[in-house]
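*Asks:* Residue numbers (the working numbering), protein chains in the order written: chain A, 924 to 1105; chain B, 924 to 1105.
C-beta: ideal position from N, C-alpha, C; glycine also.
Number of protein chains: 2
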Amino acid sequence: MSLAHVILGLLQQQERTGYDLKTECFNQCIAHLWQADQAQIYRTLDKLEAQGWIVCTVEIQHDRPNRKVFQITESGKAEFIRWLQTHQPLPILRDPLLAQLHFAAQLPNEAIVHLLEQELEARREKLAECEAVDVPSLDDPIASRDQKMHRLVLELVTQREQTYLNWLQKAIEIIQIQPSDT
Amino acid sequence: MSLAHVILGLLQQQERTGYDLKTECFNQCIAHLWQADQAQIYRTLDKLEAQGWIVCTVEIQHDRPNRKVFQITESGKAEFIRWLQTHQPLPILRDPLLAQLHFAAQLPNEAIVHLLEQELEARREKLAECEAVDVPSLDDPIASRDQKMHRLVLELVTQREQTYLNWLQKAIEIIQIQPSDT
DNA sequence: TGCTACTATAGGACTAATCATATATAGGAC
DNA sequence: GTCCTATATATGATTAGTCCTATAGTAGCA
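#1: Ordered along the chain, which non-local residues of its own chain (more than five positions away) have a Cβ less than 8 Å from that of glutamine 1101 of chain A?
#2: Could you name the residues of the same chain whose beta carbon sits closer than 8 Å to that of glutamate 1052 of chain A, not counting the 5 residues immediately before and after it, in chain order?
#3: May I have the straight-line CA-CA distance separating leucine 1088 of chain A from lysine 1071 of chain B, to the nearest angstrom?
#4: In angstroms, rounded to a whole number, what distance separates the CA positions of tryptophan 957 of chain A and glutamine 1085 of chain A?
#5: For a minimum of 4 consecutive residues, which ranges assigned as the alpha helix (DSSP H) are wholly contained in the region 940-1015 of chain A?
#6: Which residues of chain B have a Cβ atom closer than 8 Å to the Cβ of isoleucine 1097 of chain A, listed in chain order?
#7: Just checking: is the beta-carbon of proline 1014 of chain A within a distance shorter than 8 Å of some beta-carbon in chain B?
#8: Within 10 angstroms of the Cβ of aspartate 1063 of chain B, are there 16 or more other Cβ atoms? Answer buried if so, exposed if not.
#9: Got a sec, what are the start and stop residues for the alpha helix (DSSP H) serine 925 of chain A sits in?
#10: Distance, Cα to Cα, threonine 980 of chain B vs valine 992 of chain B?
#11: For serine 925 of chain B and glutamine 1011 of chain B, which I take to be in contact (beta-carbon distance under 8 Å), what is that distance rounded to the nearest angstrom?
#12: Pop quiz: isoleucine 1004 of chain A and isoleucine 977 of chain A are said to be a contact at Cβ under 8 Å. What is the actual Cβ separation, rounded to whole angstroms?
#13: Does glutamate 1078 of chain B have its Cβ less than 8 Å from a Cβ in chain A?
#14: Using the beta-carbon of each residue, which ones in chain B are nearer than 9 Å to alanine 1055 of chain A?
#15: Nearest-angstrom Cα distance between isoleucine 983 of chain A and histidine 1037 of chain A?
#16: Would you call the region 1007-1027 of chain B in contact with the region 926-943 of chain A, where contact means no fewer than 3 C-beta pairs closer than 8 Å?
#17: Determine the direct distance from the alpha carbon of cysteine 952 of chain B to that of leucine 1077 of chain A, and round the result to whole angstroms.
#18: Hey, could you find the ends of the alpha helix (DSSP H) aspartate 1069 of chain B is sitting in?
Put into structure tokens, the structure is as follows:
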């Protein structure tokens, strides 16, 4: 499971709690590449601990709930490096809009265009989020090796949205010039 | 769940068995837009029948197992049309390669390039599959309304792979000119 | 003769992910 | 005073999807 390895990667950078992982990582820079639910993060931490890939220290707090701080172990690091170099199967993408469009011939043109325009709106928002992320450009000489990797990831995510938007615009134009089926 | 509605759409075209759905639809033209496991198809048919959206007639065969032929009902058709016009939430994409690349700075350039090249190979195969699908072009005057929709779907899937390939090639070039971190 | 593949349905076990809720204290808003 | 948010962990229930196996007759291959 990749989530487990993403968490190992984050704990390799520094020790963190489940709460830290959620609020500082999965809700921030990791959000556009691996969304994860709070409940799933905690359960994955349990599994990683059971595997011996991370260990836990409890920080007692009195005004707030105690913190369970997780640290990666040597075997955890080894497992992470192994995963990092292992080619993973392509993810399976199931896009409901494409499923709808496959059967859309029975709808009037305006209904199809309406559907595509709602998608366009949602995708525009997502592209805006991608473009709002602040990572130095690839030609920037100040960019660290880490930042360059993050930039590459961001560029694919952005280009993917751009491709979707271009296609949506073209699709809308094409549907609009189709003879109406009434 | 979209799988249920894809099945409704297919049963609206003609009555079919679970086996037909798997071998003639989900393994063929639907494959590039909604992969589905045989077990899940049968279980979804059960749910659709319980909902009253499809009905079943058993065709008794003596040399082979009996066939359970499913037909869409009026309420099933209504539900399908409702779904067809309802905007669906954007699917969440979790791409293990992007997760790996996010943490790849600690790997030597050659290891990163190796990972990207394996992905390149897999994505090339997928693009080839997309291009092997035979649907008439959008300007083809003979193309039916249905075929035009299928063409639009195919074009997005193909362009998506093309975008991924272009990015992979660019990424490989960029990694190769990075100073090695030894 | 045994092996595999095709036709056809179905269930058990499991993984990955989501949603809702519970606990407990502190602090700010209205 | 009440409500909401933040901090922090945890569990129950459910959904979506995968993998494996069972059943049972036919047919082709070597």
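*Replies:* Working from what's here:
#1: Asn1032
#2: His955
#3: 19 Å
#4: 19 Å
#5: The region 940-1015 of chain A contains these whole alpha helix (DSSP H) runs: 961-974, 997-1007.
#6: Leu1061, Lys1071, Leu1075
#7: Closer than 8 Å to some Cβ of chain B, the Cβ of proline 1014 of chain A qualifies, so yes.
#8: Exposed, by the Cβ-count rule.
#9: 925-936
#10: 5 Å
#11: 7 Å
#12: Not confirmed; about 15 Å, so no contact.
#13: yes
#14: Under the 9 Å cutoff, chain B gives no residues; its nearest Cβ is about 17 Å from alanine 1055 of chain A.
#15: 55 Å
#16: yes
#17: Using only the alpha carbons, I get a separation of about 32 Å.
#18: 1068-1099
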